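Participant: With the working numbering applied, the sequence shown corresponds to residues 2 to 531, in that order.
Every residue, glycine too, gets a C-beta built ideally from N, C-alpha and C.
On a predicted model such as this, the values are computed, not experimentally measured, just so you know.
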Amino acid sequence: MREFDFIVLGSGIAGLSFALKAAQKGSVAIVTKRSSSDSNTAWAQGGVACVMTGEDSFDLHVRDTLAAGAGLCHEDVVRSIVTEGPTRIAELTGLGVHFDQRENGNGTMEPDLGREGGHTKRRILHARDATGREIETRLLERIAEHPRIEVMENHMAVDFITTGKLGYAMENSCLGVYVLNEATGIVETLRSDVTVAATGGCGKVYLYTTNPDVATGDGVAMAWRAGAVIANMEFVQFHPTCLYHPSIKSFLISEAVRGEGGILINERGQRFMEHHNPQKELAPRDIVARAIDAEMKRSGAKCVYLDITHKPADFIRSRFPTIYETCLQAGLDITKSPIPVVPAAHYQCGGVKADVNGETSIRGLFAIGEVACTGLHGANRLASNSLLEGLVAAHRAFEKSTRGKRERVEISLPEWRSGQVQDVDELVVISHNWEEVRRLMWDYVGIVRTDKRLQRAATRLRNLHAEVQEFYWNFKVTTDLLELRNLVTVASLVVDCALSRKESRGLHFTLDYPERDDRRFLRDTLMRRV
Ligand code: SIN
Numbered sequence: 002m003r004e005f006d007f008i009v010l011g012s013g014i015a016g017l018s019f020a021l022k023a024a025q026k027g028s029v030a031i032v033t034k035r036s037s038s039d040s041n042t043a044w045a046q047g048g049v050a051c052v053m054t055g056e057d058s059f060d061l062h063v064r065d066t067l068a069a070g071a072g073l074c075h076e077d078v079v080r081s082i083v084t085e086g087p088t089r090i091a092e093l094t095g096l097g098v099h100f101d102q103r104e105n106g107n108g109t110m111e112p113d114l115g116r117e118g119g120h121t122k123r124r125i126l127h128a129r130d131a132t133g134r135e136i137e138t139r140l141l142e143r144i145a146e147h148p149r150i151e152v153m154e155n156h157m158a159v160d161f162i163t164t165g166k167l168g169y170a171m172e173n174s175c176l177g178v179y180v181l182n183e184a185t186g187i188v189e190t191l192r193s194d195v196t197v198a199a200t201g202g203c204g205k206v207y208l209y210t211t212n213p214d215v216a217t218g219d220g221v222a223m224a225w226r227a228g229a230v231i232a233n234m235e236f237v238q239f240h241p242t243c244l245y246h247p248s249i250k251s252f253l254i255s256e257a258v259r260g261e262g263g264i265l266i267n268e269r270g271q272r273f274m275e276h277h278n279p280q281k282e283l284a285p286r287d288i289v290a291r292a293i294d295a296e297m298k299r300s301g302a303k304c305v306y307l308d309i310t311h312k313p314a315d316f317i318r319s320r321f322p323t324i325y326e327t328c329l330q331a332g333l334d335i336t337k338s339p340i341p342v343v344p345a346a347h348y349q350c351g352g353v354k355a356d357v358n359g360e361t362s363i364r365g366l367f368a369i370g371e372v373a374c375t376g377l378h379g380a381n382r383l384a385s386n387s388l389l390e391g392l393v394a395a396h397r398a399f400e401k402s403t404r405g406k407r408e409r410v411e412i413s414l415p416e417w418r419s420g421q422v423q424d425v426d427e428l429v430v431i432s433h434n435w436e437e438v439r440r441l442m443w444d445y446v447g448i449v450r451t452d453k454r455l456q457r458a459a460t461r462l463r464n465l466h467a468e469v470q471e472f473y474w475n476f477k478v479t480t481d482l483l484e485l486r487n488l489v490t491v492a493s494l495v496v497d498c499a500l501s502r503k504e505s506r507g508l509h510f511t512l513d514y515p516e517r518d519d520r521r522f523l524r525d526t527l528m529r530r531v
């Protein structure tokens, strides 16, 4: 067993920001299941929403966030995250992160703020179209310099170690985590009084996603097994514009393209968003994604198109270099041709229920960033609010976890015991089951839902769950098996939450209950394992 003052699971903006702060107070282990730069953060193109000028205001940013969230945002949380933004951004730039600047006409420089859907002002700080990569790179540079931080790459968290699971009759407390060392195949025991889940979201639960392969919902699934309260998993955000291309999967076409004037057209070259919402292409994402879905179903086309060719080619190349180059490699010059796009799973608005300090219903277990459901996003996240939340929540969790003296729970932790058998045939079944989960979620639990389809998904997931449990208890654990187990758990949570919400709101749209029902459902969906 190894012991640390802080254990952080995940190496995106929330986890790395927390680790850097926590290292001022003690030893930190960052557990990350691939290389440390594999995270959703690194893939974020758009940027960080933050009030930066006198033309904007905290009230307006709060108002836009609440409007997108369709009644379920917690206004106190929204206000606190929005108003803390500028201070946290200043810290980030102090760590070397560079956001694009522009000359303001008086010979001085100011932030070059982008615009995205649902925002009534330009307020998106960005580094061209690779903002997440810039943040991730600078934070990892600072982490590498820090003597008190140990980064454990290729280590996959298996389960939280809690007093509840160990059978103690006391307040359920987290004592650490079991992690699989991929190089040795051994499950190691890490102990800490403060364990921080910053594991990101679950895009890989769907067949088509803008997320990297690591986004398998690990933190939510582990927290669920440990008995934590999980909230609002029905609200999965589909990004309207993922590149539609046979050989390039999961490539996002940033909302900033629409923010800079890009328009959506169908296969006949007709603009269609004006029939769906007065904000047209800059309506909140749920509306744009549903409009594209409807357009594709109506015409039978496999995609729609995002057209920015009316902008000067030089502007397109310098503002969107990553998108330009990636599309060019696929044979598409976006300065000359519209970009084929489809909606794809992008962001998990629900998660482990946590307050604005990241505290969960399990003592000593914090959840920050996409894995957490703090009440910021409500039923639909406003674009670029998530990197901001990651930053603010990391700071809050650091303050909360280091304030006062934490009472230590004196319990010795058992070592991990696992099955011994490894059967190559079963590995094939694991990969088939992976495909099955992702396909059935796409087919039955997508942008437009019905009770019948959700029930169908629930039945299949129950069978898959039984199969995965059998592997889990009998075979040696591997990363693939652990991820599959987590995917099945998270998929079931999405379905169960969706089935319990008999209305349509934000990202949850069902043909059986197409209206919003504030009388019965103006509340979070809460789930806890019994
Ligand atoms: C984008 O660039 O469109 C992604 C921004 C976000 O999801 O917040």
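Using CA atoms only, rank isn't needed, just tell me which of Tyr473, Ser402, Arg291 and Leu388 is closest to arginine 418.
Facilitator: The residue you call residue 418 lines up with position 417 of the sequence shown. Comparing Cα positions, the closest option is Tyr473.
Participant: Cβ of alanine 384 versus every heavy atom of the ligand SIN: is any distance shorter than 7 Å?
Facilitator: Residue mapping note: residue 384 aligns to position 383 of the sequence shown, counting from 1. Flag set: Cβ of alanine 384 near the ligand SIN.
Participant: Buried or exposed for leucine 114, going by 16 or more other Cβ atoms inside 10 Å?
Facilitator: Walking along the sequence shown from the start, residue 114 turns up at place 113. So leucine 114 counts as buried.
Participant: Should leucine 67 and glutamate 56 be called a contact, given that it needs their Cβ atoms to be closer than 8 Å?
Facilitator: Against the sequence shown, residue 67 aligns to sequence position 66. Against the sequence shown, residue 56 aligns to sequence position 55. Contact: no.
Participant: Going by the C-beta, is leucine 93 closer than 7 Å to any heavy atom of the ligand ATP?
Facilitator: What this structure holds is the ligand SIN, not the ligand ATP.
Participant: Kindly identify the DSSP beta-bridge partner or partners of methionine 297.
Facilitator: Taking the sequence shown and counting its residues from 1, one reaches residue 297 at position 296. For methionine 297, which the question treats as bridged, DSSP gives no partner whatsoever.
Participant: Among Ile324, Tyr209 and Ala398, which has the Cα closest to the Cα of alanine 23?
Facilitator: For the purposes of this step, residue 23 is identified with residue 22 of the sequence shown, where counting begins at 1. Ranking Ile324, Tyr209 and Ala398 by Cα distance to alanine 23 puts Ala398 first.
Participant: I need the DSSP call for leucine 191, collapsed to helix, strand or coil.
Facilitator: Counting from one through the sequence shown, the residue named residue 191 turns up at place 190. Residue state, collapsed to three classes: strand.
Participant: So does the segment 40-47 actually touch the segment 126-139, counting three or more Cβ pairs closer than 8 Å?
Facilitator: The segment 40-47, when compared against the segment 126-139, does touch it at the 8 Å Cβ threshold.
Participant: On the DSSP letters alone, give me the boundaries of the beta strand (DSSP E) that arginine 103 sits inside.
Facilitator: Sequence index remark: in the sequence shown, residue 103 carries index 102 (1-based). Its beta strand (DSSP E) spans residues 102-104.
Participant: In chain order, which alpha helix (DSSP H) runs of at least 4 residues are fully inside the segment 485-530?
Facilitator: Segments of the alpha helix (DSSP H) lying fully in the segment 485-530: 519-522.
Participant: So valine 237 packs on glycine 16, CB below 8 Å; how close in whole Å?
Facilitator: What you label residue 237 is simply residue 236 of the sequence shown in a count that begins at 1. What you label residue 16 is simply residue 15 of the sequence shown in a count that begins at 1. Contact doesn't hold; Cβ gap of about 22 Å is too wide.
Participant: Measuring alpha carbon to alpha carbon, tell me which residue in Cys175, Leu253 and Asn182 is nearest proline 213.
Facilitator: Residue mapping note: residue 213 aligns to position 212 of the sequence shown, counting from 1. Of the candidates Cys175, Leu253 and Asn182, the one whose C-alpha sits nearest the C-alpha of proline 213 is Leu253.
Participant: Who pairs with threonine 210 in a beta bridge, going by DSSP?
Facilitator: By 1-based counting over the sequence shown, the position of residue 210 is 209. Its beta-bridge partners are Ala346.
Participant: Considering only the beta carbon of each residue, do histidine 347 and threonine 210 sit closer than 8 Å?
Facilitator: Residue 347 sits at position 346 when you count from the first residue of the sequence shown. Residue 210 sits at position 209 when you count from the first residue of the sequence shown. Yes; because the gap between Cβ atoms is below 8 Å, this pair is in contact.
Participant: Return the chain-ordered list of same chain residues with a C-beta closer than 6 Å to the C-beta of isoleucine 293, the five sequence neighbours on each side being excluded.
Facilitator: Within the sequence shown, numbered from 1, the residue matching residue 293 stands at position 292. Within the same chain, isoleucine 293 has close Cβ partners Pro241, Val305 and Pro344.
Participant: From what residue to what residue does the alpha helix (DSSP H) around isoleucine 150 run?
Facilitator: The residue labelled residue 150 in the question sits at position 149 within the sequence shown. No alpha helix (DSSP H) holds isoleucine 150; the beta strand (DSSP E) holding it covers 150-153.
Participant: Hey, how far is the Cα of lysine 34 from the Cα of aspartate 497?
Facilitator: Residue 34 sits at position 33 when you count from the first residue of the sequence shown. Residue 497 sits at position 496 when you count from the first residue of the sequence shown. In a straight line, the C-alpha of lysine 34 is about 28 Å away from that of aspartate 497.
Participant: From valine 257 to phenylalanine 100, what does the alpha carbon distance come to, in whole angstroms?
Facilitator: Position 256 of the sequence shown holds residue 257. Position 99 of the sequence shown holds residue 100. Valine is not the amino acid found at residue 257; the sequence shown has alanine there. Each residue's Cα considered, the two are about 15 Å apart.
Participant: Give the straight-line distance between the Cα atoms of leucine 512 and methionine 223, rounded to the nearest whole angstrom.
Facilitator: In the sequence shown, the residue the question calls residue 512 occupies position 511. In the sequence shown, the residue the question calls residue 223 occupies position 222. Rounded to whole angstroms, leucine 512 to methionine 223 spans 32 Å at the Cα level.
Participant: Inspect the beta-carbon positions of alanine 394 and glycine 359 and report whether they are closer than 8 Å.
Facilitator: Here residue 394 is taken as the residue at index 393 of the sequence shown, counted from 1. Here residue 359 is taken as the residue at index 358 of the sequence shown, counted from 1. Yes, Cβ-Cβ distance for alanine 394 and glycine 359 is below 8 Å.
Participant: Using 8 Å as the threshold, is the C-beta distance between glutamate 117 and serine 385 below it?
Facilitator: The count along the sequence shown starts at 1 and reaches residue 117 at position 116. The count along the sequence shown starts at 1 and reaches residue 385 at position 384. Against a cut-off of 8 Å, the Cβ pair of serine 385 and glutamate 117 comes out as a contact.
Participant: Taking one C-beta from the segment 431-439 and one from the segment 485-500 each time, how about it: are there three or more such pairs within less than 8 Å?
Facilitator: yes
Participant: Could you tell me whether the Cβ atoms of methionine 274 and glutamate 282 are closer together than 8 Å?
Facilitator: For the purposes of this step, residue 274 is identified with residue 273 of the sequence shown, where counting begins at 1. For the purposes of this step, residue 282 is identified with residue 281 of the sequence shown, where counting begins at 1. Cβ distance < 8 Å, so methionine 274 and glutamate 282 count as in contact.
Participant: According to DSSP, which residues form a beta bridge with histidine 240?
Facilitator: Stepping through the sequence shown from its first residue, residue 240 is reached at position 239. According to DSSP, histidine 240 bridges with Ala345.
Participant: Please return the same chain residues whose Cβ sits closer than 8 Å to the Cβ of arginine 1, not counting the five positions on each side in sequence.
Facilitator: In this structure the chain extends from 2 to 531, so residue 1 is not present and cannot be described.
Participant: Return yes when the Cβ of leucine 333 is within less than 8 Å of the Cβ of isoleucine 324, no when it is not.
Facilitator: The residue given as residue 324 occupies position 323 in the sequence shown. The residue given as residue 333 occupies position 332 in the sequence shown. No, the pair does not count as a contact, with Cβ atoms beyond the cut-off.
Participant: By the DSSP assignment, the alpha helix (DSSP H) with leucine 333 in it spans what residues?
Facilitator: Looking up residue 333 in the sequence shown gives position 332. No alpha helix (DSSP H) contains leucine 333, which DSSP labels as neither H nor E.
Participant: Just verifying my parser: in three-state terms, what is the DSSP assignment at alanine 158?
Facilitator: Within the sequence shown, numbered from 1, the residue matching residue 158 stands at position 157. In this structure, alanine 158 counts as strand in the three-state DSSP scheme.
Participant: Quick check: what's the CA-CA separation for serine 501 versus serine 413?
Facilitator: Within the sequence shown, numbered from 1, the residue matching residue 501 stands at position 500. Within the sequence shown, numbered from 1, the residue matching residue 413 stands at position 412. C-alpha separation (whole angstroms): 40 Å.
Participant: Would you call the segment 449-464 in contact with the segment 165-174, where contact means no fewer than 3 C-beta pairs closer than 8 Å?
Facilitator: no
Participant: For glutamate 172, count neighbouring C-beta atoms within 10 Å of its own C-beta (all shown protein chains included) and say buried if the count is 16 or more, exposed if not.
Facilitator: In the sequence shown, residue 172 corresponds to position 171, counting from 1. It is exposed - the Cβ of glutamate 172 has fewer than 16 other Cβ atoms within 10 Å.
Participant: Within 10 angstroms of the Cβ of methionine 153, are there 16 or more other Cβ atoms? Answer buried if so, exposed if not.
Facilitator: Taking the first residue of the sequence shown as 1, we reach residue 153 at position 152. With 16 or more other Cβ atoms within 10 Å, it is buried.
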